[in-house]
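Asks: If you scroll down you'll find the structure; I have some questions about it.
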Amino acid sequence: MTQKTSDGNYFEDFTLNQEFIHATPRTVTEGDVALYTALYGSRFALNSSDIFAMNLGLEGAPLDDLLVFHMVFGKTVADVSVNAVANLGYAAATFGGLVYPGDTVIARSQIIGLKENSSGKTGVVYIHSQGRNQHGDMVVDYVRWVMVNKRNPKAVPPEPSVPQLPTHLTVTDFTVPSEFDLSTYETDLAGSEHLFEDYQVGEKINHVDGMTIEEAEHMMATRLYQNTAKVHFNQFAQGESRFGRRLIYGGHIISLARALSFNGLANGFKIVAINGGTHCNPAFAGDTISAWSEVIEKSELPGRRDIGALRLRTVATKDQDNSAFPLTDGDGKYLAATLLDFDYWVLMPRRP
Amino acid sequence: MTQKTSDGNYFEDFTLNQEFIHATPRTVTEGDVALYTALYGSRFALNSSDIFAMNLGLEGAPLDDLLVFHMVFGKTVADVSVNAVANLGYAAATFGGLVYPGDTVIARSQIIGLKENSSGKTGVVYIHSQGRNQHGDMVVDYVRWVMVNKRNPKAVPPEPSVPQLPTHLTVTDFTVPSEFDLSTYETDLAGSEHLFEDYQVGEKINHVDGMTIEEAEHMMATRLYQNTAKVHFNQFAQGESRFGRRLIYGGHIISLARALSFNGLANGFKIVAINGGTHCNPAFAGDTISAWSEVIEKSELPGRRDIGALRLRTVATKDQDNSAFPLTDGDGKYLAATLLDFDYWVLMPRRP
Amino acid sequence: MTQKTSDGNYFEDFTLNQEFIHATPRTVTEGDVALYTALYGSRFALNSSDIFAMNLGLEGAPLDDLLVFHMVFGKTVADVSVNAVANLGYAAATFGGLVYPGDTVIARSQIIGLKENSSGKTGVVYIHSQGRNQHGDMVVDYVRWVMVNKRNPKAVPPEPSVPQLPTHLTVTDFTVPSEFDLSTYETDLAGSEHLFEDYQVGEKINHVDGMTIEEAEHMMATRLYQNTAKVHFNQFAQGESRFGRRLIYGGHIISLARALSFNGLANGFKIVAINGGTHCNPAFAGDTISAWSEVIEKSELPGRRDIGALRLRTVATKDQDNSAFPLTDGDGKYLAATLLDFDYWVLMPRRP
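Going line by line, the protein sequences match chains A, B and C.
Just so we're on the same page, the working numbering is the position in the first sequence counted from 1, plus 1.
Just so we're on the same page, the working numbering is the position in the second sequence counted from 1, plus 1.
Just so we're on the same page, the working numbering is the position in the third sequence counted from 1, plus 1.
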């Protein structure tokens, strides 16, 4: 009689180049979109209005890029990070074809690096994951690395292998879907008159608003993504943890920060790449999240007169006023109230 | 470097006849409808069943009228009432074309009145707002007035201008969508045998049931409507307010009261007009909402033998038994437990 | 002036063979499906992916069987169990045609048994309910019995009548939708390699994961089903009850247990029958639900080489580790932590 319940993979279960096809394939729908709006209050016009999206050359309103990311990420958890001690980082995330309600997303992963830690009790696993739609087109592609427990501390470690990962992407690393035509972009409907030319490198923007998180909200979000990480859902078990609380999925904070960034970045209509992100401190129900952003880099896009790319750092904090743009202390350590330091590229219309 | 974050309009920023096209256009979907049902538990058959709606001559189940109202109202907040001290009232709301999943709603407003208060620190702004669908058809149209702070108390006040507003509408002020044909209306599926002829002016109905509100629920609702009023979401800031709590969007109470009114008014299948409403006291998470209604007026409709109109007052209370129809104290002041006094017209089938 | 509010039926209001057509008909949508995923985190591939479902011969992903059950059950409450003292049991539930987004479900019931209790204050009502789609096809059919208060204790009792009900169904009692063709079933997408042949009668499976319930979640679920039972929603009234709390709809626990059972029973792709279920103890917000299952019976299906049926007992507990499969105490009484003892048949692919 075989064990029917999966307890997930431990460090010694992974091998270099190992491939996974993850359960469960997911048809994304207008229902998911409505829940995403209800959970984060996002107001970017491209994802809110079919008509607005069609005016930009699309077939209708595509799903928010982060919703696609969460759907794919969620599927990888059962195979890759159920026994993770820590999510160490992610890098080189690019978004491919737009995802529309009715599309079906499948996630695959490959192990691209393995390195046992000196303690001999854990190791770091590097995973390259890709989400594809029903036509086989890439919709999101990224690398993450996690620290995973060994089941048996005496298991022989694999040959150490650590992939080369870029600190950040540049405009030649990502693609702008060719169907976009921004010539009739309407700034009044989009909610701001500030376009690509108006932003300067080094400029900081306080997004002002704050949003308090409830347990029901972050759990509904994380279940919607079919993410099964136990720490988000089980108060009976978490009560015994060092936090004593359910931990909020880091992606929930990213989505809240992106939604809050609308006030100041309303025309940053699409995320095209994620360079990396640090979840500096855990978030819990009851925290009030607010955010600020800094323009790190600006870039024109080859072959496009209508769109430019802004590289942004968006920082989410809890229970803070962000008018002084809090981030680190005098020693460069993240402040206790800093939850997220997120580095990504958005597209923004250029002035005609 | 221009300020990228909008801090909203202050009293001196408004001018008479000023027009707004509000962000963000919104395609409403079956996802929004499902969330509306999950948040309020509404059971009116017209909005619940495509088949029932098609039997009445429609193309499918239209959105609940209040869901349409909230969607339009929500869009006006960022331009009109972010710096509001108080929502003073609304009037003359009519509903036009039915809204179906897949339709895209856009909101526009015009300033139709301005009057500085004697304190010199605030003023009253009268706004005429209209929601339209993708064909340009009016779907909802109303006036509201709010008290808004001045940024600079020394700013020169505008010429006072106060619009004439009706205390209530009559049947000639609103339209019944012509596609309605009630000849095959099924009372068993609708949930009640009581039709237009059975209600009498002065009759009071205790809707009996109660619904306790959670923070996650009212915030999900208000974000679904893309309403950005800060007081609903930010416990960190609200903790410093005189209430110490997040305030619940008044429209949430209206929708709960309407859903509760099903038990007693199940055949009041459509709201056609809102004469006005008073949010007598603020509502908070943990409050249990119940409701009662009074029939204020009955009217036949020109050219329709199958439908009549009832003008109703629906009162929502908190933590109360409503069998004595509580409303005001001996001095005519609203009781502390009275949350809403809502005056509106519904359509109801007439006996063949 | 007639009483407009329904206070529901009391024991003496029911007559043998009485029939009900329940309000409110309900078109089920992708919005309902998204909410179901967000509320329970279910990962069964059949209900999650149109492509996966089409590969099995269906037109798209059908609704989760339990979502259909809850929708039908919810509609019966206002007519049948508003004045119920206790839900005593249910039996002989079978699922018929698959339900897809866009279908409209209507519920009908017939009273098939009545028996006054010896106290003279209450009686037991046996109700046979059936949900049908817009084509009149049966989608779910079941019997339940509830203890209902008498309005007037002196009302003359009806002739006692108790229907014969099966303790459990067998494979000849239920039907497998003929459109299913499992020949290309993909176990990697489904999330498990364990098929019909791998399970043995008597085998117990600890589903490991736990899920803490919030008030907002169970109320949103129960309203989504348009279930109006007062005890789930009204803290003001429930504060006076012997529990002092809102009670969670028993079906919410069933759905959570089914979703948790994915880890161990991922290929149990469809519920075809429910033999019965006991809600051993009430559940409240804050409870962390986990589950274990036992294989009670295995059966091949007449005329099908690709599918077998497993009869399962799934037990839900609260705030428990389930590695010792807790159920009853030494006297055979359910433990205080046992919430649900659920007996049902699922379909599972057979090895080619």
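All C-beta atoms in this analysis are idealised placements derived from N, C-alpha and C, irrespective of residue type, glycine included.
1) Count the other CB atoms, across all protein chains shown, that sit within 10 Å of the CB of C/Phe181; report buried if there are 16 or more and exposed otherwise.
2) Apply the 10 Å Cβ neighbour rule to A/Gln4 and answer buried if 16 or more other Cβ atoms are within range, or exposed otherwise.
3) To which residues of the same chain is C/Asn118 closer than 8 angstroms at the C-beta, ignoring the five residues directly before and after it?
4) Do you know offhand how far A/Asn228's Cα is from A/Ser256's?
5) Does B/Ser262 come within less than 8 angstroms of chain A when only Cβ atoms are used?
6) What in chain B is Cβ-close to C/Ser7, meaning under 7 angstroms?
7) Is the CB of A/Gly32 under 8 angstroms away from at least one CB in chain C?
8) Determine the direct distance from the alpha carbon of B/Phe343 to that of B/Gly251, and round the result to whole angstroms.
9) Please decide whether A/Pro26 counts as near chain C, where near means a Cβ-Cβ distance under 8 angstroms.
10) Going by alpha carbons, who is nearest to C/Gly269 out of C/Gln201, C/Asn153 and C/His195?
11) Residues in the same chain with beta-carbon distance under 8 angstroms from A/Gly58, minus the five sequence neighbours each way, listed in chain order, please.
12) Would you list, in chain order, the members of the region 165-199 of chain B that have their beta-carbon closer than 7 angstroms to a beta-carbon of chain C?
13) Kindly list the residues whose CB is nearer than 7 angstroms to the CB of A/Leu225, restricted to its own chain and excluding five residues on each side of it in sequence; keep chain order.
14) So, is C/His136 buried or exposed, given that buried needs 16 or more other C-beta atoms within 10 angstroms?
15) Select from A/Ser262, A/Ala258 and A/Gly9 the residue whose C-alpha is nearest the C-alpha of A/Ser193.
16) Measure from the C-beta of B/Met72 to each C-beta in chain A and report whether the shortest distance is under 8 angstroms.
17) For A/Gln236, I'd like the list of residues in its chain whose CB is within less than 7 angstroms of its CB, leaving aside the five on either flank, ordered along the chain.
18) Does A/Leu57 come out as helix, strand or coil in the three-state DSSP assignment?
19) Within this structure, are the beta carbons of A/Gly90 and A/Trp146 separated by less than 8 angstroms?
20) Below 9 angstroms on C-beta distance, what does C/Gln227 contact in chain B?
21) Would B/Lys334 count as contacting chain A if we go by Cβ distances under 8 angstroms?
22) Using a Cβ-Cβ cut-off of less than 7 angstroms, list which residues of the region 309-342 of chain A approach chain B; keep chain order.
23) Rounded to whole angstroms, how far is the Cβ of A/Gly97 from the Cβ of A/Asp142, which I believe are closer than 8 angstroms?
24) For a contact defined as C-beta to C-beta under 8 angstroms, what are the partners of A/Lys231 on chain C?
25) Within the 8 angstroms Cβ cut-off, does C/Ile214 reach chain B?
26) Within 10 Å of its beta-carbon, does C/Val106 have 16 or more other beta-carbons around it, so buried, or fewer, so exposed?
27) Could you confirm whether any beta carbon from chain B is found closer than 8 angstroms to the beta carbon of A/Asn207?
28) What is the DSSP secondary structure of C/Ile112, counted as helix, strand or coil?
29) Could you tell me how far apart the beta carbons of A/Thr77 and A/Ser7 are, in whole angstroms, since I believe they sit closer than 8 angstroms?
30) At a cut-off of 7 angstroms, is C/Val163 close to the ligand ZN when judged by its beta-carbon and the heavy atoms of the ligand?
31) Quick one: which chain A residues come within Cβ less than 9 angstroms of B/Phe234?
32) Which one of B/Ala94, B/Ala317, B/Glu13 and B/Glu20 has the shortest CA to CA distance from B/Thr171?
33) Do you know whose CA, among A/Asp322, A/Ile128 and A/Glu204, lies nearest A/Ile22's CA?
34) With DSSP run on the structure shown, which of helix, strand or coil describes B/Ser262?
35) So C/Phe234 and B/Gly211 are supposed to be a Cβ contact under 8 angstroms. How far apart are they, rounded?
36) Can you give me, in chain order, the residues of the region 92-106 of chain C that have a beta carbon less than 7 angstroms from any beta carbon in chain B?
Replies: This is what the structure gives:
1) Counted from its first residue, the third sequence places residue 181 of chain C at position 180. When all chains shown are included, C/Phe181 counts as buried.
2) Residue 4 of chain A sits at position 3 when you count from the first residue of the first sequence. Exposed is the call here.
3) Against the third sequence, residue 118 of chain C aligns to sequence position 117. A distance below 8 angstroms between beta-carbons, with the five flanking residues on each side excluded, links C/Asn118 to the following residues of its chain, in chain order: Gly124, Val125 and Met148.
4) As a first step, residue 228 of chain A is located in the first sequence; it is residue number 227 there, counting from the start. As a first step, residue 256 of chain A is located in the first sequence; it is residue number 255 there, counting from the start. A straight line joining the alpha-carbon of A/Asn228 with that of A/Ser256 spans about 15 angstroms.
5) Position 261 of the second sequence, counted from the first residue, corresponds to residue 262 of chain B. Under the Cβ criterion of 8 angstroms, B/Ser262 is not counted among the residues facing chain A.
6) Locating residue 7 of chain C in the third sequence gives position 6, where the first residue counts as 1. Think of a sphere of 7 angstroms around the beta carbon of C/Ser7: the chain B residues whose beta carbon falls inside it are Asn264, in chain order.
7) Within the first sequence, the letter at position 31 stands for residue 32 of chain A. Residue contact with chain C for A/Gly32: present (Cβ-Cβ distance below 8 angstroms to some residue of chain C).
8) Counting from 1 along the second sequence, the entry for residue 251 of chain B is found at position 250. Counting from 1 along the second sequence, the entry for residue 343 of chain B is found at position 342. So the alpha carbons of these two residues sit roughly 11 angstroms apart.
9) Stepping through the first sequence from its first residue, residue 26 of chain A is reached at position 25. So yes, A/Pro26 belongs to the interface.
10) Counting from one through the third sequence, the residue named residue 269 of chain C turns up at place 268. The candidate whose alpha carbon is nearest that of C/Gly269 is C/His195.
11) If you number the first sequence from 1, residue 58 of chain A lands on position 57. So the list reads Glu180, Phe181 and Asp182, once near-sequence residues are dropped.
12) Residues Asp189, Leu190, Ala191, Gly192, His195 and Asp199.
13) Within the first sequence, residue 225 of chain A is the residue found at index 224, counting from 1. Cβ within range, chain order: Asp33 and Leu36.
14) Here residue 136 of chain C corresponds to residue number 135 of the third sequence, with the count starting at 1. Flag for C/His136 reads exposed.
15) Locating residue 193 of chain A in the first sequence gives position 192, counting from the first residue. That would be A/Ser262, whose Cα lies nearest to the Cα of A/Ser193.
16) The residue you call residue 72 of chain B lines up with position 71 of the second sequence. Answer no: the Cβ-Cβ gap between B/Met72 and chain A never drops below 8 angstroms.
17) Locating residue 236 of chain A in the first sequence gives position 235, counting from the first residue. For A/Gln236, the CB contacts under 7 angstroms within the same chain, skipping 5 residues up- and downstream, are Arg247 in chain order.
18) Indexing the first sequence from 1 puts residue 57 of chain A at position 56. DSSP places A/Leu57 in coil when its eight states are reduced to three.
19) In the first sequence, the residue the question calls residue 90 of chain A occupies position 89. In the first sequence, the residue the question calls residue 146 of chain A occupies position 145. Yes, these two residues count as a Cβ contact at 8 angstroms.
20) Taking the third sequence and counting its residues from 1, the one referred to as residue 227 of chain C is at position 226. Under the 9 angstroms cutoff, chain B gives Thr38, Gly42, Ser43, Arg44 and Ser49.
21) Position 333 of the second sequence, counting from 1, holds the residue named residue 334 of chain B. Not closer than 8 angstroms to any Cβ of chain A, the Cβ of B/Lys334 fails to qualify, so no.
22) Residues passing the 7 angstroms Cβ filter: Asp320.
23) If you number the first sequence from 1, residue 97 of chain A lands on position 96. If you number the first sequence from 1, residue 142 of chain A lands on position 141. Contact between A/Gly97 and A/Asp142 holds: their C-beta atoms lie close to 7 angstroms from each other, under 8 angstroms.
24) By 1-based counting over the first sequence, the position of residue 231 of chain A is 230. Within chain C, the C-beta atoms nearer than 8 angstroms to that of A/Lys231 come from Asp210 and Gly211, in chain order.
25) Locating residue 214 of chain C in the third sequence gives position 213, where the first residue counts as 1. C/Ile214 does not count as touching chain B.
26) As a position in the third sequence, residue 106 of chain C is number 105, starting the count at 1. So C/Val106 counts as buried.
27) Position 206 of the first sequence, counted from the first residue, corresponds to residue 207 of chain A. By this cut-off, A/Asn207 is an interface position.
28) As a first step, residue 112 of chain C must be located in the third sequence, where it is residue number 111. C/Ile112: strand per DSSP, three-state reduction.
29) If you number the first sequence from 1, residue 77 of chain A lands on position 76. If you number the first sequence from 1, residue 7 of chain A lands on position 6. The pair is not a contact, with the Cβ atoms about 14 angstroms apart (cut-off 8 angstroms).
30) The ligand ZN is not part of the structure shown, which contains no ligands of any sort.
31) The residue given as residue 234 of chain B occupies position 233 in the second sequence. Chain A residues near B/Phe234: Gly42, Asp210, Gly211, Met212, Thr213 and Thr289.
32) Start at 1 with the first residue of the second sequence, and residue 171 of chain B comes out as number 170. Comparing alpha carbon positions, the residue from B/Ala94, B/Ala317, B/Glu13 and B/Glu20 closest to B/Thr171 is B/Ala94.
33) Residue numbering aside, residue 22 of chain A sits at position 21 when the first sequence is read from its first letter. Ranking A/Asp322, A/Ile128 and A/Glu204 by CA distance to the CA of A/Ile22 puts A/Ile128 first.
34) Mapped onto the second sequence, residue 262 of chain B falls at position 261. In the three-state reduction of the DSSP assignment, B/Ser262 falls in the coil class.
35) The residue labelled residue 234 of chain C in the question sits at position 233 within the third sequence. The residue labelled residue 211 of chain B in the question sits at position 210 within the second sequence. Contact between C/Phe234 and B/Gly211 holds: their C-beta atoms lie close to 7 angstroms from each other, under 8 angstroms.
36) Cβ contacts with chain B come from Thr105.
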